[in-house]
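The C-terminal position of the sequence shown is numbered 245 in this note's numbering, with every residue numbered one higher than the one before it.
A quick write-up on the structure given underneath.
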Amino acid sequence: MLDKPLVAITGASSGIGEATSRAFSAAGHPVLMMARRLRRMEEMGLPNSVCKRVDVRDRDQIAAAVMEAENKFGPVDMMFANAGIARLADIGRQPPDEWDEMIDINTKGVMNTVYSVMQGMIERRCGTLVMMSSIAGRKVYPDHTVYCGTKYFVHAVSESLREYLSEFDVRVLVLSPGVIETEVLSGVLDEKTLSEYKENKNKMGGGIGADIVGKLILNAYQLPQNALVQEICLTPTRQRY
Ligand code: NDP
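Structure representation (structure tokens):
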């Protein structure tokens with residue numbers, strides 16, 4: 005057993021999840037990394053990591069991965085419910101299949117993720133849930149309709165969970181980033197929305213690095229358990245909206 009507790013991260017195969025896995029690993033934590041692209045996680049070669057092919061839409065897969073990692077490294081002390089997709093599109097043109105995918109991954113996937121560790125945290129009266137929302141979970145954009153809906157869901161659930169879990173000393177932090185440089189735009193299938201997004205991003209000088217997000221989460225996590233950063237809203241300085 006290591007002296008730092010196990011942390012678990014969904015969507016660890018790229019972007020913010022990858023950067024956060026690296027930050028916690030560098031700080032000495034064993035890390036359970038979950039996503040569908042197993043090889044990407046394995047190739048990172050982080051010490052004391054458990055890499056599991058998990059689709060967050062499958063509650064049993066998450067539970068099995070958590071159990072396997074906990075048997076090796078002890079209880080999960082921080083779960084980052086990060087996995088998500090952004091099928092941004094003008095709602096008038098968007099095929100309903102894209103709503104289904106976003107709703108299943110970004111909302112039900114987050115609930116499945118939280119569910120896998122919440123009871124244990126309550127019993128131990130200790131733990132941290134980091135919930136991935138977005139600036140699109142604080143304000144709406146006309147070509148982000150269903151994506152915004154999923155991120156408002158994460159905000160609402162996080163607020164409710166925070167109130168429910170506070171008496172058990174379990175912390176709930178909701179993260180609301182603006183434009184971060186990751187692979188997230190590969191999920192935007194609508195060409196007009198994609199080109200407009202890129203144009204806007206270029207105007208602000210690009211997004212900021214995912215490593216900044218990973219370090220910020222680590223800093224918030226490292227505060228004493230009785231101190232909670234309830235929300236982090238992090239954007240490029242030049243992001244106006
Ligand atoms: P990436 O596309 O780089 O990462 C997304 C991650 O989610 C990947 O590891 C992917 O892994 C995983 N994922 C997607 N679907 C599933 C699934 N069904 N089951 C398991 N894992 C899944 O983008 P980001 O790092 O940017 O995205 C991470 C989160 O950050 C998302 O929730 C996104 O909405 C949010 N966000 C991003 C912002 C940005 O500007 N980048 C801004 C605000 C919020 P795999 O495909 O291997 O399964």
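All C-beta atoms in this analysis are idealised placements derived from N, C-alpha and C, irrespective of residue type, glycine included.
Item                                                                                                                                                                           : Value
Is lysine 112 near ligand 1 - that is, is its Cβ less than 8 Å away from at least one heavy atom of it?                                                                        : no
Please confirm whether any heavy atom of ligand 1 lies closer than 8 Å to the CB of valine 58.                                                                                 : yes
Here's a check: name, in chain order, each residue in its chain whose Cβ is nearer than 7 Å to the Cβ of aspartate 101, leaving out the five neighbours to either side.        : none
Would you check if the distance between the CB atom of arginine 63 and the CB atom of methionine 48 is smaller than 9 Å?                                                       : no
Compute every distance between the C-beta of lysine 155 and the non-hydrogen atoms of ligand 1, then say whether any falls below 8 Å.                                          : yes
So what's valine 60 in DSSP terms, helix, strand or just coil?                                                                                                                 : coil
To the nearest angstrom, report how far apart methionine 71 and valine 80 are at their CA atoms.                                                                               : 9 Å
Going by Cα to Cα distance, which pick from Ile212, Ala231 and Gln234 is closest to glutamine 243?                                                                             : Ile212
When you compare only the Cα positions, how much space is there between alanine 87 and isoleucine 95?                                                                          : 23 Å
With a cut-off of 8 Å on the beta carbons, I'd call glutamate 235 and serine 180 a contact; round off their distance for me.                                                   : 6 Å
Measuring straight from C-alpha to C-alpha, what distance separates phenylalanine 28 and leucine 222?                                                                          : 6 Å
Near methionine 115, what residues of its chain come up, given a Cβ to Cβ distance below 8 Å and the 5 sequence neighbours on each side ignored?                               : Val161
Name the two residues that bound the continuous alpha helix (DSSP H) containing threonine 24.                                                                                  : 19 to 30
Between which residues of its own chain and leucine 50 is the CB-CB distance below 8 Å, once the five residues before and five after are set aside?                            : Ser25, Arg26, Ser29, Val35 and Met37
Given that a residue counts as buried once 16 or more other Cβ atoms are within 10 Å of its Cβ, and exposed if not, what is threonine 241?                                     : exposed
Taking the C-alpha atoms as reference points, what is the distance between threonine 132 and tyrosine 225?                                                                     : 7 Å
Could you please give me the residues that DSSP links to arginine 175 through a beta bridge?                                                                                   : Thr132
Among Asn52, Met122, Phe172 and Ile109, which residue has its Cα nearest to the Cα of lysine 155?                                                                              : Ile109
Please confirm whether any heavy atom of ligand 1 lies closer than 8 Å to the CB of threonine 14.                                                                              : yes
May I ask which residues mark the beginning and end of the alpha helix (DSSP H) holding isoleucine 221?                                                                        : 214 to 225
In the DSSP output, what is valine 54 paired with across the bridge?                                                                                                           : Leu36
Between valine 192 and arginine 91, how many whole angstroms is the CB-CB distance? I'm expecting something under 8 Å.                                                         : 7 Å
Would you mind stating whether aspartate 173 and glutamine 123 have Cβ atoms separated by less than 9 Å?                                                                       : no
Can you round the beta-carbon distance between glycine 19 and alanine 214 to whole angstroms, since I take them to be within the 8 Å contact cut?                              : 5 Å
Measuring only the C-alpha atoms, how far is tyrosine 201 from tyrosine 245?                                                                                                   : 12 Å
Excluding the 5 residues preceding and the 5 following alanine 73 in the sequence, name in chain order all residues of the same chain whose CB lies nearer than 8 Å to its CB. : Leu10, Ala12, Pro34, Leu36, Val54, Lys56 and Val80
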